[in-house]
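Some notes on the structure that comes next.
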């Protein structure tokens, strides 16, 4: 069922009830962000211009950046016609409005949805883009920034931070201030952007409920500070819908609609949230949707049991096989090498079909497949298929319970063998591609900024 097919009662449309009160900041903001704000390169949420204008519920954020395009996500308090202006020169916002490039004005009506996703096009590649939201000639947001990747046919340095799993009870999400210190070009959120079903007694799978949960997390100040300087790429997992949700879940269409309001994706609805993003000629990112079309977990494994659904799987395999990238990055919200009922190990027939394609990419094109995953609430490498050019790096959580604190046997099970494992603090991973050497460096950091592990592949 699609969102447009839902009844008015199912939609339960209401104005976005995002709260405007501040979440407590850390006792001392991170040194790098203090310096950045002091120079005027980027302003922190809540500063003079943004506080004066209450047209927007929260600062803008940028998603799904490519070498020439991006999506700017806005949320409005009142019916408005808004646009986004951008430039590679920050001074253009003060010196000469004629030097700004503006998007076409778009109307937003909060009585139906506070969200407005504005597409930017014809952006220069490998550049820092400064942007702000406007109502007519009035600037209604601070000037923020993001980086575009190199052209799809050109090599260039690029960095991507990644992790997943954040629960509102653990706010403020101070780890995002630590992520900001690494100055990654983009952040990949691997799902569980909210925990809609926690606490269970408050779970009500309605449009209003899902919006409230997303608004609460998007209002986190540390997250907003990172979004002020960094583009996001996001997918979902189960808790945006309900724990262990599969394709037959009654609220699937509703949950996806709201997810796209807060974490927009340049993805065709028939393929769920699946899309591919070129990050230069040597890097290509494939973002899988592991929820929208998956079979129920209790189904016996076989050719009819699917994680991706026939259409998405066919599209992904076609795109993957056509890729010319040296490093083919795959975002999967659940671990590819994991054996739990909700991971790929419970969908082994389809997993092995994909694994054959990954191995063929190494044999035929000397390409390396790098799977990026989350969900288990600890970080680890999965070295099982590395000799065949298939790597998996799992990170998280960003802000929720730690598995090793709840399951005494989990640490023992996952530390067997010679590979990196860490589950004692919140954490994230970081990929840095160096064009000069054509090498990809993988690093892990905890929420204090401590380097946990690093290697080059």
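Numbering (my numbering), first residue to last: 15 to 471.
C-beta: ideal position from N, C-alpha, C; glycine also.
For residue 92, there is no enclosing beta strand (DSSP E), as DSSP marks it with neither H nor E. The continuous beta strand (DSSP E) containing residue 458 extends over residues 453–460. Only residues of its own chain outside the window of five on either side were considered, and among them 308, 309, 315, 319, 320, 321 have a CB closer than 8 Å to the CB of residue 361, listed in chain order. Here residue 125 is exposed: its Cβ has fewer than 16 other Cβ atoms, across all protein chains shown, within 10 Å.
In the structure shown, residue 209 adopts coil according to DSSP, grouped into three states.
Taking C-beta atoms as the reference points, residue 416 and residue 392 count as a pair closer than 8 Å. Residue range 158–161 is occupied by the beta strand (DSSP E) that includes residue 159. Looking at 447, 283, 339, 248, the one whose alpha-carbon comes closest to that of residue 277 is 248.
When C-beta atoms of the stretch 253–260 are compared with those of the stretch 197–216, three or more pairs fall below 8 Å, so the two segments count as touching. Contact between residue 89 and residue 128 holds, with the beta-carbon distance rounding to 4 Å and staying under 8 Å. If only uninterrupted alpha helix (DSSP H) runs of at least 4 residues are considered, those enclosed by the stretch 281–367 are 324–336. Note on geometry: alpha-carbon atoms of residue 411 and residue 450 lie some 33 Å from one another. With respect to residue 384, residue 350 sits apart: the two C-beta atoms are not nearer than 8 Å. Partner residues in the beta bridge of residue 447, as assigned by DSSP, are 172, 454. Closest by C-alpha distance to residue 220, out of 337, 265, 195, 366, is 265. DSSP places residue 132 in no alpha helix (DSSP H) but in the uninterrupted beta strand (DSSP E) bounded by 129–134.
Looking only at 348, 409, 143, the smallest Cα-Cα distance to residue 250 is reached by 348. If you draw a straight line from the Cα of residue 271 to the Cα of residue 225, it is about 10 Å long. The distance from the Cβ of residue 70 to that of residue 91 is about 7 Å, consistent with a contact at the 8 Å cut-off.
Residue state for residue 121 is assigned as strand, using DSSP reduced to three classes. Close CB contacts of residue 346 within its chain, under the 8 Å cut and outside five residues either way in sequence, are with 204, 302, 304, 358, 385, 386, 387 (chain order). In the structure shown, residue 228 adopts helical secondary structure according to DSSP, grouped into three states.
Inclusion of residue 431 and residue 390 in the CB contact set at 8 Å is not warranted, their separation being larger than that value. Among the bridge pairs identified by DSSP, residue 435 is matched with 394. A straight-line Cα-Cα distance of about 25 Å links residue 84 and residue 189.
Residues 81, 172, 293, 294 of the same chain have their beta carbon placed closer than 6 Å to that of residue 163, with the five preceding and five following residues left out of the count. From the listed residues 460, 469, 448, the smallest Cα separation to residue 169 is found for 448.
Between residue 122 and residue 94 a beta carbon distance of about 6 Å is seen, short of the 8 Å cut, so the two are scored as contacting. Per DSSP, the continuous alpha helix (DSSP H) segment holding residue 240 begins and ends at 235–241. For residue 467, the enclosing beta strand (DSSP E) starts and ends at 465–470. Residue 364 counts as buried, since no fewer than 16 other beta carbons sit within 10 angstroms of its beta carbon. Apart from the 5 residues on each side of it in sequence, residue 288 sits with its Cβ closer than 7 Å to the Cβ of 281, 301, 302, 303, 326, 329, 330 in its chain, given in chain order. In this structure residue 375 is buried. Its beta-carbon is surrounded by 16 or more other beta-carbon atoms within 10 angstroms. In this structure, the CA atom of residue 245 is about 21 Å from the CA atom of residue 460. In the structure shown, the three-state DSSP call for residue 249 is coil.
One alpha carbon belongs to residue 453, the other to residue 152, and they sit about 45 Å apart.
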